[in-house]
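For the sequence shown, numbering that gives the first Met the number 0 assigns the number 0 to the initial residue and increments by one for each residue that follows. To keep things clear, I will list the structure first and then write my remarks on it.
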Amino acid sequence: MNAILSFILRMILILLAYIFIGWVSFAVFKDLKQQAFGYREGQVPALTLVPTAGQQMQEKQFTSPEIIIGRDPTCDFILDDETVSLRHCKLFFERKQWWVEDMDSTNGSFLNESEIKTRTILINNDELRLGQVTLTIKLDK
0 MNAILSFILR
10 MILILLAYIF
20 IGWVSFAVFK
30 DLKQQAFGYR
40 EGQVPALTLV
50 PTAGQQMQEK
60 QFTSPEIIIG
70 RDPTCDFILD
80 DETVSLRHCK
90 LFFERKQWWV
100 EDMDSTNGSF
110 LNESEIKTRT
120 ILINNDELRL
130 GQVTLTIKLD
140 K
C-alpha cells in the first residue's frame with residue numbers, strides 16, 4: 000500500500016509541476032507580446048482623423064489597432080473621392096507607436112508632403128494626403 004500511495008503522490012507532484020511550468024510560460028508569452036506590440040487588448044490609444052477645411056466628411060475616432068482607409072465600402076474610413084484608391088493606406092498601432100503604410104495606391108500617400116515609401120511613424124498633427132484628400136492626425140496620449 001505504501002508503494003501505491005508514494006506513486007500517486009509523485010504523479011500529482013509531476014502534474015502540478017507541469018501546470019506551473021505551463022502557467023509561467025503563458026504569463027511570460029503574454030508579457031512579451033504586450034511589450035512587443037505596446038498595448039493590451041482594448042488599450043490602443045485613440046487616433047482621430049480630421050478632414051481639412053472644405054472637405055465633405057466628418058472626423059472619426061478609432062481605438063482599433065488597424066485602420067484601412069480608401070474608397071472600398073469595407074474600409075474603416077471611407078473616402079468618396081476618385082483620386083483615392085479602393086484600399087489606399089493602412090494605419091496601425093505597433094511597438095507603442097501609430098504607423099502609416101501605403102497599400103500600393105495609384106496616386107500615392109503623402110505624410111507632411113513627403114511620399115510614404117515604407118512604414119512611417121505618425122505623430123500628433125501630422126497631415127496625411129491621399130490623392131486630393133488631406134487629413135490631420137490627432138493622437139491621444
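Every residue, glycine too, gets a C-beta built ideally from N, C-alpha and C.
Assigned exposure category for residue i - 16 Cβ within 10 Å defines buried
i      : result
ARG94  : exposed
LEU8   : exposed
ILE3   : exposed
GLY21  : exposed
ILE136 : buried
Rounded straight-line distance, which links the Cα of residue j to that of residue i
i     : j      : result
LEU48 : GLN34  : 26 Å
TYR17 : GLN60  : 45 Å
MET56 : ILE120 : 25 Å
Three-state secondary structure (DSSP) of residue i
i     : result
GLN55 : coil
SER63 : coil
VAL23 : helix
SER5  : helix
ILE77 : strand
Candidates the options: closest to residue i by CA position
i      : options                      : result
LYS116 : ILE122, PRO72, TRP98, VAL132 : TRP98
LYS65  : THR82, VAL43, GLU81, ASP79   : Inspection of the sequence shows that residue 65 is occupied by Glu rather than by Lys. Ranking the options by Cα distance to GLU65, first place goes to VAL43.
THR82  : ARG128, LEU90, PRO50         : ARG128
Chain D within 8 Å of residue i, Cβ atoms only
i      : result
SER108 : Absent from the structure is chain D; it holds one protein chain and no more.
DSSP beta-bridge partners of residue i
i      : result
ILE136 : LEU48
VAL180 : In the structure displayed, the chain extends from 0 to 140; residue 180 sits before or after that span and is not available.
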